[in-house]
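S.K.:
Numbering (our numbering), first residue to last: 324 to 629.
This is the structure in structure tokens:
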């Protein structure tokens, strides 16, 4: 008796599910079909254009290359060079401080008056030892980084150090800027997706109160992290050539499609030349996809009902 009633309840719930999906598909077709035709007319595009652009967009993002092994090595090498040049400057300053620094109140005293127990002698001895330790520490670190630089040069078949004025160095620095920008976009995308999942979990039925409280606290932390990620992205976006569009908090929180983050990854002017990258055309293409999925859903529902 229990399983019979359970089967009847499941069958009734399936009917409700199909009915709601049918209504939703009809609502989409009735409310958006006219708007879709008007948008196509105002932009001067056809259904064939939309189909061709959808195919181009899929091919474009499918063919985006990942980092090559040489680029990864070049980035690591330039970062080591930057650290080495910084340590070179620190070592020169530490050596100068150790060899040339003279106390402002220095006064010659005879050896008989400058025993080790004299307070001035102890003070200056401690200062000298401190400067020597600093110089020694910087020198050891500099030699260690230099060994790493030489090791990478052997692996990469580089004869001379890349100088900041060399073409390879400047090219790699430009690549590093693009790389940091892409990392900022990836981090922002990760945080927004995590927030969407947590918002979805809050709306699930049979979610315990403690779990909801924990999710709310996580969302508060996530909001702060997204704020910081947006600030980091904006700081890097304005440094790009050409500058990339900046974002604000309200705009990011309304991102619901991954393609919006993919469009941000374009660091050249390639996407600006693509018609399907324009906001108005993107909106029409999304609307076309919704209408196409609604027609498909109606076909599937008619099969289920019959």
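Don't be surprised by glycine CBs; every beta carbon is placed ideally from N, CA and C.
When DSSP labels each residue in this structure, what does residue 389 get in the three-state scheme?
M.R.: Locating residue 389 in the chain shown gives position 66, where the first residue counts as 1. If DSSP states are grouped into helix, strand and coil, residue 389 belongs with coil.
S.K.: What would DSSP say about residue 592, mapped onto helix, strand or coil?
M.R.: By one-based count along the chain shown, residue 592 stands at place 269. At residue 592 the pLDDT is 48, less than 50, meaning the model places this residue with poor confidence; the figure from the coordinates comes in the next sentence. In the structure shown, residue 592 sits in coil (DSSP, three-state: anything other than H, G, I, E or B).
S.K.: Going by beta-carbon coordinates alone, are residue 352 and residue 617 separated by less than 7 Å?
M.R.: Counting from 1 along the chain shown, the entry for residue 352 is found at position 29. Counting from 1 along the chain shown, the entry for residue 617 is found at position 294. Closer than 7 Å, so yes.
S.K.: Does the Cβ-Cβ distance between residue 403 and residue 471 come in under 7 Å?
M.R.: Numbered from its first residue, the chain shown carries residue 403 at position 80. Numbered from its first residue, the chain shown carries residue 471 at position 148. A contact, by the Cβ cut-off of 7 Å.
S.K.: Thinking just about the alpha-carbon of each residue, which of 349, 359, 339, 570 is nearest to the one in residue 609?
M.R.: Within the chain shown, numbered from 1, the residue matching residue 609 stands at position 286. Here the closest residue by C-alpha is 359.
S.K.: Taking 7 Å as the threshold (C-beta atoms), are residue 417 and residue 467 in contact?
M.R.: Counting from 1 along the chain shown, the entry for residue 467 is found at position 144. Counting from 1 along the chain shown, the entry for residue 417 is found at position 94. In this structure, residue 417 does not lie closer than 7 Å to residue 467 by Cβ.
S.K.: Run through DSSP, which three-state label would residue 377 get?
M.R.: As a working note, residue 377 is residue 54 in the chain shown. Helix.
S.K.: Among 383, 547, 396, which has the Cα closest to the Cα of residue 498?
M.R.: Residue mapping note: residue 498 aligns to position 175 of the chain shown, counting from 1. Of the listed residues, the one whose Cα sits closest to residue 498 is 396.
S.K.: Taking all protein chains shown into account, do 16 or more other C-beta atoms lie within 10 angstroms of the C-beta of residue 346, making it buried, or fewer, making it exposed?
M.R.: Locating residue 346 in the chain shown gives position 23, counting from the first residue. Residue 346 comes out exposed.
S.K.: Can you look up residue 567 in the DSSP assignment and give me helix, strand or coil?
M.R.: Residue numbering aside, residue 567 sits at position 244 when the chain shown is read from its first letter. Residue state, collapsed to three classes: coil.
S.K.: Who are the Cβ neighbours of residue 344 in its own chain at under 7 Å, not counting the five residues just before and after it?
M.R.: On the chain shown, residue 344 is found 21 positions in, with the first residue counted as 1. Here the set comprises 620, 624.
S.K.: Kindly give me the distance between the Cβ atoms of residue 500 and residue 562, rounded to whole angstroms, as I take these residues to be in contact under 8 Å.
M.R.: Against the chain shown, residue 500 aligns to sequence position 177. Against the chain shown, residue 562 aligns to sequence position 239. Confirmed, Cβ separation roughly 6 Å.
S.K.: So residue 609 is in the alpha helix (DSSP H); what residue range does that whole segment cover?
M.R.: The residue labelled residue 609 in the question sits at position 286 within the chain shown. Residues 602-628.
S.K.: What residue from 411, 459, 400 has the CA that sits closest to residue 477's CA?
M.R.: The count along the chain shown starts at 1 and reaches residue 477 at position 154. Checked all of 411, 459, 400; the closest Cα to residue 477 is 400.
S.K.: If you run the structure through DSSP and keep just helix, strand and coil, what is residue 333?
M.R.: By 1-based counting over the chain shown, the position of residue 333 is 10. Here residue 333 sits in helix by DSSP.
S.K.: Indicate, with yes or no, if the ligand GDP has a heavy atom lying under 6 Å from the CB of residue 600.
M.R.: Looking for the ligand GDP in the displayed structure turns up nothing, as the structure carries no ligands at all.
S.K.: What residues in its chain sit with their C-beta under 7 Å from that of residue 592, if we drop five residues either side in the sequence?
M.R.: Along the chain shown, one-based indexing puts residue 592 at 269. Confidence at residue 592 is low in this model, with a pLDDT of 48, below 50, so the placement of that residue should be treated as unreliable; the coordinate-derived value is given next. Taken in chain order, the residues that qualify are 565.
S.K.: Here's the rule I'm using: 16 or more other beta-carbon atoms within 10 Å means buried, otherwise exposed. How should residue 303 be labelled?
M.R.: No statement about residue 303 is possible, as the shown extent of the chain runs from 324 to 629 and does not include it.
S.K.: Here's the rule I'm using: 16 or more other beta-carbon atoms within 10 Å means buried, otherwise exposed. How should residue 528 be labelled?
M.R.: The sequence position of residue 528 within the chain shown is 205, counting from 1. Below a pLDDT of 50, predicted positions are generally treated as unreliable, and residue 528, at 49, falls in that range; the measurement from the model is reported next regardless. When all chains shown are included, residue 528 counts as exposed.
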